[in-house]
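Reading through the structure tokens given below for one structure.
There are 2 protein chains.
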Amino acid sequence: MRAVHEAIRHYAELAWSATAAGRLRPARPGSWVRELLSDAIGERPERVEHVAAQLSQFWAAAGEPWLHPARMAYIPATTSIPALVAEVLAATRNSHVWPSNIAAAQWERATTDQLARMLGLAPGLTWAGGGAGVVLGSATSGVQQALLGALIRTRGLRWRQDGVRGDERVYVTSQTHGSVARTVLAAGLGQQGLRVVVHDPDTGAMSATELAAAVAEDVADGLCPVMVVATVGTTASAAVDDLVALGAICASRGLWLHVDAAWCGAFAVLPEHRNLLAGNAFASSLVVSPHKLLRTGLGCSVLWTRWPDAMAAAMAVDQPYLANGQPGEGVDPRGLQLPTGRPDRALVLGMTLRCLGQAELRRLLRRNLGLAQRIGIWATAQPQLESRTRLGLVLLRVRDGSQATQALLDAVHRDGQVLLSSATIEGQLWIRIAPGG
Amino acid sequence: MRAVHEAIRHYAELAWSATAAGRLRPARPGSWVRELLSDAIGERPERVEHVAAQLSQFWAAAGEPWLHPARMAYIPATTSIPALVAEVLAATRNSHVWPSNIAAAQWERATTDQLARMLGLAPGLTWAGGGAGVVLGSATSGVQQALLGALIRTRGLRWRQDGVRGDERVYVTSQTHGSVARTVLAAGLGQQGLRVVVHDPDTGAMSATELAAAVAEDVADGLCPVMVVATVGTTASAAVDDLVALGAICASRGLWLHVDAAWCGAFAVLPEHRNLLAGNAFASSLVVSPHKLLRTGLGCSVLWTRWPDAMAAAMAVDQPYLANGQPGEGVDPRGLQLPTGRPDRALVLGMTLRCLGQAELRRLLRRNLGLAQRIGIWATAQPQLESRTRLGLVLLRVRDGSQATQALLDAVHRDGQVLLSSATIEGQLWIRIAPGG
Numbered sequence: 152m153r154a155v156h157e158a159i160r161h162y163a164e165l166a167w168s169a170t171a172a173g174r175l176r177p178a179r180p181g182s183w184v185r186e187l188l189s190d191a192i193g194e195r196p197e198r199v200e201h202v203a204a205q206l207s208q209f210w211a212a213a214g215e216p217w218l219h220p221a222r223m224a225y226i227p228a229t230t231s232i233p234a235l236v237a238e239v240l241a242a243t244r245n246s247h248v249w250p251s252n253i254a255a256a257q258w259e260r261a262t263t264d265q266l267a268r269m270l271g272l273a274p275g276l277t278w279a280g281g282g283a284g285v286v287l288g289s290a291t292s293g294v295q296q297a298l299l300g301a302l303i304r305t306r307g308l309r310w311r312q313d314g315v316r317g318d319e320r321v322y323v324t325s326q327t328h329g330s331v332a333r334t335v336l337a338a339g340l341g342q343q344g345l346r347v348v349v350h351d352p353d354t355g356a357m358s359a360t361e362l363a364a365a366v367a368e369d370v371a372d373g374l375c376p377v378m379v380v381a382t383v384g385t386t387a388s389a390a391v392d393d394l395v396a397l398g399a400i401c402a403s404r405g406l407w408l409h410v411d412a413a414w415c416g417a418f419a420v421l422p423e424h425r426n427l428l429a430g431n432a433f434a435s436s437l438v439v440s441p442h443k444l445l446r447t448g449l450g451c452s453v454l455w456t457r458w459p460d461a462m463a464a465a466m467a468v469d470q471p472y473l474a475n476g477q478p479g480e481g482v483d484p485r486g487l488q489l490p491t492g493r494p495d496r497a498l499v500l501g502m503t504l505r506c507l508g509q510a511e512l513r514r515l516l517r518r519n520l521g522l523a524q525r526i527g528i529w530a531t532a533q534p535q536l537e538s539r540t541r542l543g544l545v546l547l548r549v550r551d552g553s554q555a556t557q558a559l560l561d562a563v564h565r566d567g568q569v570l571l572s573s574a575t576i577e578g579q580l581w582i583r584i585a586p587g588g
Numbered sequence: 152m153r154a155v156h157e158a159i160r161h162y163a164e165l166a167w168s169a170t171a172a173g174r175l176r177p178a179r180p181g182s183w184v185r186e187l188l189s190d191a192i193g194e195r196p197e198r199v200e201h202v203a204a205q206l207s208q209f210w211a212a213a214g215e216p217w218l219h220p221a222r223m224a225y226i227p228a229t230t231s232i233p234a235l236v237a238e239v240l241a242a243t244r245n246s247h248v249w250p251s252n253i254a255a256a257q258w259e260r261a262t263t264d265q266l267a268r269m270l271g272l273a274p275g276l277t278w279a280g281g282g283a284g285v286v287l288g289s290a291t292s293g294v295q296q297a298l299l300g301a302l303i304r305t306r307g308l309r310w311r312q313d314g315v316r317g318d319e320r321v322y323v324t325s326q327t328h329g330s331v332a333r334t335v336l337a338a339g340l341g342q343q344g345l346r347v348v349v350h351d352p353d354t355g356a357m358s359a360t361e362l363a364a365a366v367a368e369d370v371a372d373g374l375c376p377v378m379v380v381a382t383v384g385t386t387a388s389a390a391v392d393d394l395v396a397l398g399a400i401c402a403s404r405g406l407w408l409h410v411d412a413a414w415c416g417a418f419a420v421l422p423e424h425r426n427l428l429a430g431n432a433f434a435s436s437l438v439v440s441p442h443k444l445l446r447t448g449l450g451c452s453v454l455w456t457r458w459p460d461a462m463a464a465a466m467a468v469d470q471p472y473l474a475n476g477q478p479g480e481g482v483d484p485r486g487l488q489l490p491t492g493r494p495d496r497a498l499v500l501g502m503t504l505r506c507l508g509q510a511e512l513r514r515l516l517r518r519n520l521g522l523a524q525r526i527g528i529w530a531t532a533q534p535q536l537e538s539r540t541r542l543g544l545v546l547l548r549v550r551d552g553s554q555a556t557q558a559l560l561d562a563v564h565r566d567g568q569v570l571l572s573s574a575t576i577e578g579q580l581w582i583r584i585a586p587g588g
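Chains as they are written, first to last, in the working numbering: chain A, 152 to 588; chain B, 152 to 588.
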């Protein structure tokens with residue numbers, strides 16, 4: 152138990168004080184870690200405290216400090232004390248989402264339905280409204296399920312029988328997360344299956360006119376449009392697509408609209424940002440990842456869909472070795488994921504949201520936005536910098552160009568006070584500052 | 152912290168005493184759970200202890216008791232105190248496998264290489280030998296990666312460019328786990344992409360002669376054989392395929408052999424069962440899931456591959472928004488999974504194996520086999536029952552037929568002392584008894 156106390160104490164210190172957490176050193180090459188560990192699994196048991204201490208040592212030297220308050224790289228990844236407790240509860244039960252594990256399935260339904268209401272999602276995306284919400288490990292798993300649902304909705308049972316035809320098309324922009332391109336490859340559509348639609352260089356949003364034209368052109372060419380991926384908060388620049396405009400095109404064409412709101416969708420919990428998800432009624436599926444801003448810890452991404460039966464039909468396989476005569480209820484949760492079972496992440500999500508409460512969640516989200524705004528105000532006051540602040544992200548570049556911007560980023564990392572990342576947008580290098588707290 | 156102590160105490164009691172754990176009641180329908188929870192996420196924070204208590208109540212009424220010592224349904228799912236502690240450590244760090252998270256990547260390499268040695272895997276499947284081992288959440292994710300690797304090895308960059316062609320074939324038996332069929336669908340090959348090879352009805356193993364004939368026939372028909380899936384421990388009957396015989400065919404045809412040893416591969420840790428994985432040198436990829444028998448808790452499945460570069464090439468996508476100038480090392484771990492990042496499950500695997508030690512792991516595996524043997528000896532003494540014991544599984548049926556067998560299973564579940572499952576094998580219903588302890 153000492154190792155558990157020690158870990159939680161460490162987390163608490165880190166979460167509340169950048170000073171306690173120390174400088175952010177660049178990681179040392181790690182082959183020494185592997186050498187130290189090469190015969191670590193011995194005949195006799197090793198003390199838990201010993202392994203925990205060694206782990207701390209490795210982390211200090213070569214670990215990525217995900218929870219360090221000065222880590223403002225990539226996208227925030229947040230957790231909380233209730234999430235940690237929930238992890239322990241889930242682990243002590245080894246809880247799995249499974250047809251006969253009725254408590255877990257119902258908990259997942261209740262939790263995802265409530266989060267949907269907090270975000271202002273259309274009833275059709277909730278269990279109560281005939282849709283479904285499931286807690287998967289990542290937004291990638293969500294878009295993968297979405298694409299399978301879209302394929303069977305578009306191509307019907309022929310897709311199940313004969314597979315893809317090679318004429319299916321998925322519409323994205325160059326700003327869409329790379330996991331969509333990977334998902335398109337994994338589904339057997341090839342790179343030709345991905346059609347990159349022009350976006351507005353200033354807002355970063357997909358052009359609805361260009362989308363309509365691209366779909367019309369593909370239909371005229373005898374191709375088969377399957378899915379449009381809209382983003383609420385692109386990784387590079389936190390750009391937000393217009394779900395109403397894109398959704399109207401999808402509706403008129405019978406196209407599956409998948410909304411990747413993994414990062415910035417969570418801000419829709421705030422009344423002043425509810426409009427981020429306006430138009431979600433057009434979505435056939437939508438992902439928000441609470442592990443980014445909603446304090447659940449990693450591996451907690453919610454997929455909602457209007458078409459759970461289609462998704463389940465896409466993947467249904469007879470498994471006569473899994474009978475036990477226990478009652479299942481409604482949609483088999485196995486239909487909404489590729490693996491047979493999945494760890495019970497809804498337990499973590501539900502406990503975190505309840506034990507923080509909606510008022511505290513709003514306060515934390517506003518603090519995150521406020522921090523970005525303060526950094527943005529500082530940046531606009533620097534004559535040598537160009538900057539943009541959008542939601543929880545500040546982008547800045549040295550006016551002298553990309554080389555000078557990279558030099559600034561390198562200097563910041565040598566200094567070791569904060570950890571940032573960069574993005575190439577419209578051919579120019581930008582430093583990204585995405586505060587996590 | 153009280154909730155954490157309570158959960159660990161509950162786990163310890165459950166793990167050590169079936170009496171303390173109580174009767175195994177059939178689950179009640181669970182809509183009442185959802186109703187109770189319908190407005191659970193309030194404005195104000197709720198006490199962690201309150202949520203934990205409610206969860207215990209739901210679990211007692213409608214939860215699947217995964218860790219109950221008398222749960223002998225499906226396949227064992229085991230955990231341990233070191234695994235619980237490791238979960239807490241992983242959660243307090245929010246640790247992710249990621250190129251610049253060097254400590255986690257190196258820990259994963261060291262741990263999977265050592266487990267490979269314990270299992271007697273060929274050096275070519277280890278990092279040290281030019282292969283790779285990664286800890287994924289499920290065996291399904293493993294076979295999905297394997298199929299993507301097999302597709303690019305067989306079809307080359309044409310597959311990345313144009314997608315699947317529709318002539319690709321994957322070889323299984325009717326005893327292969329359904330996740331392979333789902334993976335074939337998800338890859339866009341369609342049901343036609345799955346060729347079911349005849350198996351021996353007594354051993355349950357794939358017939359090498361039939362495999363060779365099926366591949367030859369498909370090649371003659373101009374089709375494109377891609378992958379053979381062999382199983383070490385089928386779910387229905389713990390059947391074990393002959394990796395040497397199947398591997399020789401794969402080698403001569405240049406076919407990717409994927410070995411699904413998710414369940415019974417772990418027994419190869421025992422010298423007396425090392426032969427279970429004999430022939431693994433033929434494997435292009437192999438999965439063992441430590442969450443089944445090696446006490447790590449759920450979500451810990453190791454994929455080894457001889458061709459990490461092929462897998463990475465299959466899924467490589469330029470992500471210019473993820474730069475931070477930190478050094479990566481060797482194969483990008485993102486290449487070996489579909490999601491961009493993944494929770495650091497190697498931490499849990501390494502800590503569990505080290506803190507239990509190899510001697511204790513062998514003792515636990517032998518206890519599992521011994522328990523099945525004792526049940527098997529009892530079963531063979533019952534004149535009205537037909538039974539088979541294979542590794543950690545006892546199959547039994549009432550000689551009067553499937554209806555009588557189902558009636559026996561129902562009576563056992565009404566009695567509530569143990570929880571079992573059933574499987575239909577060669578048209579007959581069998582009760583499966585798979586002890587977890």
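In this text, a Cβ means the ideal position worked out from N, Cα and C, and glycines have one as well.
Listed by chain order, chain B residues near residue i by CB distance under 8 Å
i        : result
A/Gln295 : Ala337 and Leu489
A/Met466 : Arg333, Leu336 and Ala337
A/Pro494 : Gly288, Leu449 and Gly450
Residues near residue i by beta carbon distance below 7 Å, same chain, minus five either side
i        : result
A/Leu580 : Arg548, Ser553, Thr556, Gln557 and Ser573
B/Ala356 : His350, Ala390, Val391, Asp392 and Asp393
A/Leu362 : Tyr322, Val348, Val379, Leu397 and Ile400
B/His156 : none
B/Val420 : Met269, Leu270, Leu512, Arg513 and Leu516
A/Thr531 : Ser538
A/Gly282 : Gly275, Leu276, Trp455, Thr456, Arg457 and Pro459
Interface partners of residue i on chain B, CB under 7 Å
i        : result
A/Cys415 : What A/Cys415 touches in chain B: nothing, since even the nearest Cβ is about 14 Å away.
Three-state secondary structure assigned by DSSP to residue i
i        : result
B/Pro490 : coil
B/Glu215 : coil
B/Ala412 : coil
B/Asp495 : coil
A/Leu272 : coil
A/Glu577 : coil
A/Arg320 : strand
Integer-rounded CB distance, given that residue j should sit under 8 Å from residue i
i        : j        : result
A/Thr291 : B/Pro490 : 4 Å
B/Val199 : A/Pro233 : 6 Å
A/Gly450 : B/Gly339 : The pair is not a contact, with the Cβ atoms about 27 Å apart (cut-off 8 Å).
A/Gly492 : A/Trp217 : That pair is no contact at about 27 Å.
B/Leu287 : B/Leu504 : With a Cβ gap of about 17 Å, B/Leu287 and B/Leu504 do not count as contacting.
A/Val410 : A/Val366 : Actually they do not touch by this definition, with Cβ atoms about 17 Å apart.
B/Leu546 : B/Ser388 : 6 Å
6 Å CB neighbourhood of residue i in its chain, flanking five on each side removed
i        : result
A/Gln343 : none
A/Val285 : Leu454 and Leu487
A/Ala279 : Asp264
A/Pro478 : Only weak support is given to the placement of A/Pro478: the predicted model assigns it a pLDDT of 44, under 50, and the value that follows is read from those uncertain coordinates. Around A/Pro478: no qualifying Cβ.
B/Asp369 : Arg320 and Pro376
A/Phe209 : Val184
A/Leu188 : none
A/Ala497 : Trp258, Glu259, Thr262 and Val286
8 Å Cβ cut-off: residues of chain A touching residue i
i        : result
B/Gly193 : Arg505, Gly508 and Gln509
Contacts of residue i in chain B (Cβ-Cβ under 9 Å)
i        : result
A/Arg306 : Simply none; closest approach about 10 Å.
Close Cβ partners of residue i (< 8 Å) along its chain, the five nearest in sequence each way excluded
i        : result
A/Gln509 : Met269 and Val420
B/Thr334 : Thr291, Val294, Gln295 and Leu298
Original post:
Taking Cβ-Cβ distances below 8 Å as the criterion, which residues of the stretch 248-267 of chain B are in contact with chain E?
Top reply: The chain labelled as chain E is not found among the protein chains of the depicted structure, namely A and B.
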